[in-house]
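*Asks:*
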Amino acid sequence: MRTFAYAAFAIAALAALTALVSGPGHRFGLWDYDFGFTLLGIAAWAGVAGALLSLAAGAWALRAAARGALALSIAGIAAGALTFGVPWMQLRHARNVPPIHDITTDTRQPPEFVALLQTRRAAPNGAKYGGAQVAEAQHRGYPDIVPLTYAAPPAVAFERCLDAARALGWEIAAADPKTLRIEATDRTLFFGFRDDIVIRITPLDAASRVDVRSASRVGRSDLGANARRIRAFFRQLARQRSAA
Numbered sequence: 105m106r107t108f109a110y111a112a113f114a115i116a117a118l119a120a121l122t123a124l125v126s127g128p129g130h131r132f133g134l135w136d137y138d139f140g141f142t143l144l145g146i147a148a149w150a151g152v153a154g155a156l157l158s159l160a161a162g163a164w165a166l167r168a169a170a171r172g173a174l175a176l177s178i179a180g181i182a183a184g185a186l187t188f189g190v191p192w193m194q195l196r197h198a199r200n201v202p203p204i205h206d207i208t209t210d211t212r213q214p215p216e217f218v219a220l221l222q223t224r225r226a227a228p229n230g231a232k233y234g235g236a237q238v239a240e241a242q243h244r245g246y247p248d249i250v251p252l253t254y255a256a257p258p259a260v261a262f263e264r265c266l267d268a269a270r271a272l273g274w275e276i277a278a279a280d281p282k283t284l285r286i287e288a289t290d291r292t293l294f295f296g297f298r299d300d301i302v303i304r305i306t307p308l309d310a311a312s313r314v315d316v317r318s319a320s321r322v323g324r325s326d327l328g329a330n331a332r333r334i335r336a337f338f339r340q341l342a343r344q345r346s347a348a
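Take our numbering: the final residue in the sequence shown is number 348, and no numbers are missing along the way.
Now the structure itself:
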C-alpha cells in the first residue's frame, strides 16, 4: 500500500508540474495557446485523480500509522486540489465577467491603433472595435471604466501618462507629444498573451481628459485583464501625482 501512496503522489505531482508549464510554454514560444489550454485541462483532471487516490492512500496510512505514507498522501491531496482548484476558480471568474476582450474608457469613439495597426490586423481579434454590443457588455460589467480628468495641461498629462506606462513595464510602441497619443504592449503573467494599449490625451478646459483602450490579440474573453490594466494605469497616475 505504501507503493500505492507513492504512485498517487506521483500522479498529483506530475499533474501540478504539467499545469505549471502549460502557460510558460506558450509564453516562451514552445507551443500555441490552444495546446497550452489543453495541457492545463488535462492537468486539472489528473489533479483530481491524484487527489482522490492520495485520499485513499492517506486513509490507509492513518489506520496503519504509516507516517511517511501519510505525509506523502497529504502532499498529494494538496497538489491535486490546487492543480484542479486554480483553473476551476478561473473558470468561475470567467462566468462573472463579460465575454469581451476590448475595453475602453470611450466606447463611442475608442482610441484607435496607429503604430500597432498592422500588428492588430494580423492578430485573431483584429483592430476594429466591436461596437454597441461590446459597449453595452462593458458598461454592465465594468461601470467604473470611464475617462479620467487629469488636473494638468495636455503636455504635462502626456509626460505623466508615459511615465506611468513605463513604470508598469509596458513596451512602448509609439509616443507622440504632438498628437498626444501613446501606444504600448503588455503581456499577461502566466500565458504571456500580448495585449495592446492606446492612451489618448485631449484638452479639457485647463485640465486634460485621458482615455485608454486595452485590447487582447487573442481570445474571446480576457477574464477581466484589460479592465484591471486600465485601473492599474489610473492608480499609477494617482500615485505619481501624490508623490510629486
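Glycine included, C-beta positions come from ideal geometry on N, C-alpha and C.
Quick one: is Thr107 buried, meaning 16 or more other Cβ sit within 10 Å of its Cβ, or exposed?
*Replies:* For the purposes of this step, residue 107 is taken as the residue at position 3 of the sequence shown. Flag for Thr107 reads exposed.
*Asks:* By how many angstroms is the C-alpha of Asp290 removed from the C-alpha of Leu166?
*Replies:* Here residue 166 is taken as the residue at index 62 of the sequence shown, counted from 1. Here residue 290 is taken as the residue at index 186 of the sequence shown, counted from 1. Taking the straight line joining both Cα atoms gives about 49 Å.
*Asks:* Look up Glu275 in the DSSP assignment and say whether it is helix, strand or coil.
*Replies:* In the sequence shown, counting from the first residue as 1, residue 275 sits at position 171. Three-state result, Glu275: strand.
*Asks:* Does the count of Cβ pairs from the region 136 to 152 and the region 168 to 177 closer than 8 Å reach three?
*Replies:* Verdict: no, contact absent.
*Asks:* Just curious, the beta strand (DSSP E) that Ala410 is in, first and last residue?
*Replies:* Because the chain here runs from 105 to 348, residue 410 falls outside it and cannot be looked at.
*Asks:* If His205 sits next to Ala288, beta carbons under 8 Å apart, how far is it from one beta carbon to the other, in whole angstroms?
*Replies:* Against the sequence shown, residue 205 aligns to sequence position 101. Against the sequence shown, residue 288 aligns to sequence position 184. Actually they do not touch by this definition, with Cβ atoms about 17 Å apart.
*Asks:* Could you check whether Phe338 and Val314 sit closer than 9 Å to each other, using their CB atoms as the reference points?
*Replies:* Counting from one through the sequence shown, the residue named residue 314 turns up at place 210. Counting from one through the sequence shown, the residue named residue 338 turns up at place 234. Their beta carbons are under 9 Å apart, which means Val314 touches Phe338 by this criterion.
*Asks:* Do the CB positions of Ala351 and Pro257 come within less than 9 Å of each other?
*Replies:* Shown here, the chain extends from 105 to 348; a query on residue 351 therefore has no answer.
*Asks:* Quick one: which unbroken alpha helix (DSSP H) runs of 4-plus residues sit fully inside the region 221 to 288? Chain order, please.
*Replies:* Runs of the alpha helix (DSSP H) inside the region 221 to 288: 221 to 226, 236 to 245, 258 to 271.
*Asks:* Am I right that Arg304 and Leu272 are in contact with their C-beta atoms under 8 Å? What's the rounded C-beta distance?
*Replies:* Position 200 of the sequence shown, counted from the start, is the residue given in the question as residue 304. Position 168 of the sequence shown, counted from the start, is the residue given in the question as residue 272. Rounded, the Cβ-Cβ distance is 17 Å, inconsistent with contact.
*Asks:* Can Ala241 and Pro202 be called in contact, C-beta distance under 9 Å?
*Replies:* Reading the sequence shown from its first residue, position 137 is the one you call residue 241. Reading the sequence shown from its first residue, position 98 is the one you call residue 202. A contact, by the Cβ cut-off of 9 Å.
*Asks:* Is there contact here, the region 215 to 232 with the region 187 to 195, by at least three beta-carbon pairs under 8 Å?
*Replies:* As far as the Cβ criterion goes, the region 215 to 232 does not touch the region 187 to 195, which means the pair count is below three.
*Asks:* Compare the C-alpha of Ala236 against each of Val316, Thr208, Gly151 and name the closest.
*Replies:* By 1-based counting over the sequence shown, the position of residue 236 is 132. Nearest of Val316, Thr208, Gly151 to Ala236, Cα basis: Thr208.
*Asks:* With burial defined as no fewer than 16 other Cβ atoms inside 10 Å of the residue's Cβ, what is the status of Arg171: buried or exposed?
*Replies:* Position 67 of the sequence shown, counted from the start, is the residue given in the question as residue 171. Exposed: under 16 other Cβ atoms inside 10 Å.
*Asks:* What does the Cβ neighbour count give for His130, buried or exposed, with the cut at 16 atoms within 10 Å?
*Replies:* Within the sequence shown, the letter at position 26 stands for residue 130. Its Cβ being crowded by 16 or more others within 10 Å, His130 is buried.
*Asks:* List the whole-angstrom C-beta distance separating Pro251 from Asp299, where the pair is believed to meet the contact cut-off of C-beta under 8 Å.
*Replies:* As a working note, residue 251 is residue 147 in the sequence shown. As a working note, residue 299 is residue 195 in the sequence shown. Contact flag wrong, Cβ pair sits at about 20 Å.
*Asks:* Using a Cβ-Cβ cut-off of 6 Å (strictly less than) and excluding sequence neighbours within five positions of Leu221, which residues of its own chain qualify?
*Replies:* Along the sequence shown, one-based indexing puts residue 221 at 117. The answer, listed in chain order, is Ala231.
*Asks:* In terms of residues, what are the limits of the alpha helix (DSSP H) holding Leu144?
*Replies:* Within the sequence shown, residue 144 is the residue found at index 40, counting from 1. Note, Leu144: alpha helix (DSSP H), 137 to 168.
*Asks:* Out of Phe139, Gly151, Gly127, Met193, point me to the one whose CA is closest to Ala111's CA.
*Replies:* The residue you call residue 111 lines up with position 7 of the sequence shown. The shortest Cα separation from Ala111 among Phe139, Gly151, Gly127, Met193 belongs to Gly151.
*Asks:* Looking only at DSSP bridge pairs, what is Pro307 linked to?
*Replies:* Along the sequence shown, one-based indexing puts residue 307 at 203. In the DSSP output, where bridge partners are listed per residue, Pro307 has Ser312.
*Asks:* If we count the other Cβ atoms within 10 Å of its Cβ and call it buried at 16 or more, is Leu121 buried or exposed?
*Replies:* Locating residue 121 in the sequence shown gives position 17, counting from the first residue. Looking at its Cβ environment, which holds fewer than 16 other Cβ atoms inside 10 Å, Leu121 is exposed.
*Asks:* Roughly how far, in whole angstroms, is the beta-carbon of Leu308 from the beta-carbon of Thr253, given that I think they are within contact range, below 8 Å?
*Replies:* Position 204 of the sequence shown, counted from the first residue, corresponds to residue 308. Position 149 of the sequence shown, counted from the first residue, corresponds to residue 253. Yes, Leu308 and Thr253 are in contact; Cβ-Cβ is about 6 Å, under 8 Å.
*Asks:* Going by Cα to Cα distance, which pick from Gln194, Leu118, Arg264 is closest to Ala347?
*Replies:* If you number the sequence shown from 1, residue 347 lands on position 243. Answer by Cα proximity: Arg264.
*Asks:* Along the chain, where does the alpha helix (DSSP H) containing Ile178 start, and where does it finish?
*Replies:* On the sequence shown, position 74 is the one that residue 178 refers to. Where Ile178 is concerned, the enclosing alpha helix (DSSP H) stretches over 171 to 199.
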